[in-house]
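Engineer: When you read off a place in the sequence shown, starting at 1, and then add 30, the result is the number in my numbering. I'd like to ask some things about the structure below.
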Amino acid sequence: MSYIASRLSAVKPSASMAASQAARALRAKGVDVIDLGLGEPDFPTPSHIIEAAHVAAKAGQTLYTGAAGTAEVREAVAGKFRRENGLDYTADDVVVANGAKQIIFNALMATLESGDEAILPAPYFVSYPEMVKLLGGRPVLIERPETSGFRLTPELLEKAITPRTKWLFLNMPGNPSGAIYSQSDLRALGAVLARHPQVLVLSDEIYEHILFDGRDFVSFGKACPELRDRTLIVNGVSKSYAMTGWRVGYAAGPAPLTRAMAIIQSQSCTSVCSIAQAATVAALNGPQDEVARFRQAFEARRDLVVDGIRRINGLTLSPPEGAFYAYIGCASLIGRRTPKGVVLEDDTAVANYLLNEGRVASVPGAAYGLSPYFRISTATGKEVLTEAIARINAAVAQVE
Ligand SMILES: Cc1ncc(COP(=O)(O)O)c(C=O)c1O
Numbered sequence: 031m032s033y034i035a036s037r038l039s040a041v042k043p044s045a046s047m048a049a050s051q052a053a054r055a056l057r058a059k060g061v062d063v064i065d066l067g068l069g070e071p072d073f074p075t076p077s078h079i080i081e082a083a084h085v086a087a088k089a090g091q092t093l094y095t096g097a098a099g100t101a102e103v104r105e106a107v108a109g110k111f112r113r114e115n116g117l118d119y120t121a122d123d124v125v126v127a128n129g130a131k132q133i134i135f136n137a138l139m140a141t142l143e144s145g146d147e148a149i150l151p152a153p154y155f156v157s158y159p160e161m162v163k164l165l166g167g168r169p170v171l172i173e174r175p176e177t178s179g180f181r182l183t184p185e186l187l188e189k190a191i192t193p194r195t196k197w198l199f200l201n202m203p204g205n206p207s208g209a210i211y212s213q214s215d216l217r218a219l220g221a222v223l224a225r226h227p228q229v230l231v232l233s234d235e236i237y238e239h240i241l242f243d244g245r246d247f248v249s250f251g252k253a254c255p256e257l258r259d260r261t262l263i264v265n266g267v268s269k270s271y272a273m274t275g276w277r278v279g280y281a282a283g284p285a286p287l288t289r290a291m292a293i294i295q296s297q298s299c300t301s302v303c304s305i306a307q308a309a310t311v312a313a314l315n316g317p318q319d320e321v322a323r324f325r326q327a328f329e330a331r332r333d334l335v336v337d338g339i340r341r342i343n344g345l346t347l348s349p350p351e352g353a354f355y356a357y358i359g360c361a362s363l364i365g366r367r368t369p370k371g372v373v374l375e376d377d378t379a380v381a382n383y384l385l386n387e388g389r390v391a392s393v394p395g396a397a398y399g400l401s402p403y404f405r406i407s408t409a410t411g412k413e414v415l416t417e418a419i420a421r422i423n424a425a426v427a428q429v430e
């Protein structure tokens, strides 16, 4: 008999981490694999942020902090929301956690009763449905095809809402699609939500700075201020400041929710690393030119990948509007045979084929709730991306 709790029975490990692990295992056997599985910037954390961490550690900021975060980091987050998003939150409305992932986990743990529903427009970030299931909720998936720009429409939202709906998840720019929502898109969704007061909104805006073609970012909170009492704005330093390993995410929202999230935090991990919080203050309050430089680099890589993938017969790719992923359509490969005679039944088989024969690690669309696609991360150098595209091209050309 297993001693593992039944709540884990339906929960899958992170697909992107699994793809990277598979790549590492092949590398350990001496195979030269390009890992485009995990999404993390390849840039070093800007040096003034590292310096601030150093100074904080030397100055004795090495103790537990308040569960919701230090006063300084919550002030810095409130300042960021005011300055960059036009949102009027105070430090008391802010909570900090070990990554945006833990913010989301805490928010769900604080609110989900068994059987409560969370609406997830697909394709979605792989962790959303697994966290919902882990905490006793029911993910309600709404497939959003590429032809609709991978965006949720008010009509589909209205249809999906039931008396058990507790959350709507929005993520813009989206992982894996890169899709963003305009102010009017968000207002139209807000008009539906206004009719359903039981629904909370989780707006995951962690890629807000990685936007292309001169687009502007509009926070859900700015577009729909009338829903402020049931909106949680989620963000973090991982993607904008190349700080994935520092593990700092943050959110602002209604006080009963953020207070409950802080209680969970106090009983699970006490607080976020004090030194990482000091680094976050420096990231949010310090110079932002590196953020702009990263954005430019991501746009150049997006252009390279769109151009390269579109030249490959059998693959499709709509130019992502933001974030650092390419969600590549592979419908025309499904049902065809690899040189070894394996039928590519689905996008998981395609990703396996690309890994084992093409030596490129990607994540199958099945993990994101919309098939047949595979996702590659474009958060890596141009030379590596060029080589990866050449390998994908060669592998696809051999499919019969
Ligand atoms: C949409 C989205 N939200 C949240 C996260 C998690 O970010 P963090 O590193 O802050 O936990 C990711 C990471 O891939 C993401 O893609």
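Even glycine gets a Cβ: it sits at the ideal position worked out from N, Cα and C. Fair warning: this is a prediction, and the values are worked out from it, not measured in the lab.
With distance defined between alpha-carbon atoms, name the residue in S77, L138, Q295 and N315 nearest to E114.
Structural biologist: Closest by alpha carbon: N315.
Engineer: For a test of the three-state rule: what should DSSP assign to K59, helix, strand or coil?
Structural biologist: Coil at K59, not helix or strand.
Engineer: Evaluate the contact criterion for the stretch 167 to 176 versus the stretch 215 to 226: three or more CB pairs, one atom per stretch, below 8 Å.
Structural biologist: Because the criterion of three Cβ pairs below 8 Å is not met, the stretch 167 to 176 and the stretch 215 to 226 do not touch.
Engineer: Starting from P184 and walking both ways along the alpha helix (DSSP H), at which residues does that stretch end?
Structural biologist: Here the alpha helix (DSSP H) through P184 covers P184 to A190.
Engineer: Starting from N115, follow the alpha helix (DSSP H) in both directions and report where the run begins and ends.
Structural biologist: Unbroken alpha helix (DSSP H) run through N115: A101 to N115.
Engineer: Is the stretch 226 to 241 in contact with the stretch 199 to 209, if contact means three or more CB pairs nearer than 8 Å?
Structural biologist: Output reads yes: the stretch 199 to 209 touches the stretch 226 to 241.
Engineer: Can you list, in chain order, the residues of its chain whose CB lies under 6 Å from that of A425, leaving out five sequence neighbours each side?
Structural biologist: Excluding positions up to five away in sequence, the list reads L384, E387 and G388.
Engineer: What is the C-beta distance between G266 and G129, in whole angstroms, given that I count them as a contact (C-beta under 8 Å)?
Structural biologist: Contact holds; Cβ gap of about 6 Å.
Engineer: At 4 residues or longer, and completely inside the stretch 338 to 421: list those alpha helix (DSSP H) runs for me, N to C.
Structural biologist: Counting whole runs of 4 or more residues, the stretch 338 to 421 contains the alpha helix (DSSP H) stretches 377 to 386.
Engineer: Looking at the strands, I want to know which residues DSSP matches up with D234.
Structural biologist: D234 pairs with N201 and V264.
Engineer: Under the three-state reduction of DSSP, which class applies to R169: helix, strand or coil?
Structural biologist: Correcting the residue type first, residue 169 is Pro in the shown sequence and not Arg. Three-state result, P169: strand.
Engineer: Taking C-alpha atoms, which residue in L187, E160, I133 and T75 lies nearest to G99?
Structural biologist: Taking only the C-alpha atoms, the option nearest G99 is I133.
Engineer: Where do the ends of the beta strand (DSSP E) carrying P151 lie?
Structural biologist: Note, P151: beta strand (DSSP E), E147 to A152.
Engineer: Short check: CB of P153 to CB of Y357, under 8 Å?
Structural biologist: Yes; because the gap between Cβ atoms is below 8 Å, this pair is in contact.
Engineer: For I79, count neighbouring Cβ atoms within 10 angstroms of its own Cβ and tell me buried if that reaches 16, exposed if not.
Structural biologist: When all chains shown are included, I79 counts as buried.
Engineer: Is A106 close to ligand 1? I mean its beta-carbon at under 7 Å from any heavy atom of the ligand.
Structural biologist: Incorrect: A106 has no Cβ contact closer than 7 Å to ligand 1.
Engineer: Given a threshold of 16 other Cβ atoms within 10 Å of its Cβ, counted over all protein chains shown, does G145 qualify as buried or as exposed?
Structural biologist: The residue is exposed, with fewer than 16 neighbouring Cβ atoms inside 10 Å.
Engineer: Among residues of its own chain, excluding the 5 on either side of R54, which ones have a beta-carbon nearer than 6 Å to its beta-carbon?
Structural biologist: For R54, where only same-chain residues beyond five positions count, there are no Cβ hits under 6 Å.
Engineer: Report yes if the CB atom of I224 is closer than 8 Å to the CB atom of E256, and no otherwise.
Structural biologist: Strictly speaking, residue 224 in this sequence is Ala, with Ile absent from that position. Yes, the pair counts as a contact, with Cβ atoms nearer than the cut-off.
Engineer: So, at 7 Å on beta carbons, what are the nonlocal neighbours of F12 in its own chain, with the 5 sequence-adjacent residues on each side left out?
Structural biologist: For the chain, the structure presents residues 31 to 430; residue 12 sits outside this window and is missing.
Engineer: For ligand 1, is there any heavy atom lying closer than 7 Å to the beta carbon of F324?
Structural biologist: Flag unset: Cβ of F324 not near ligand 1.
Engineer: Between A418 and V390, how many whole angstroms is the CB-CB distance? I'm expecting something under 8 Å.
Structural biologist: Confirmed, about 5 Å.
Engineer: If we count the other Cβ atoms within 10 Å of its Cβ and call it buried at 16 or more, is G12 buried or exposed?
Structural biologist: Examination of residue 12 is not possible in this model, given that the chain is present from 31 through 430 alone.
Engineer: Sort F242, Y355, E375 and C360 by Cα distance to L66 and report the nearest one.
Structural biologist: Taking only the C-alpha atoms, the option nearest L66 is Y355.
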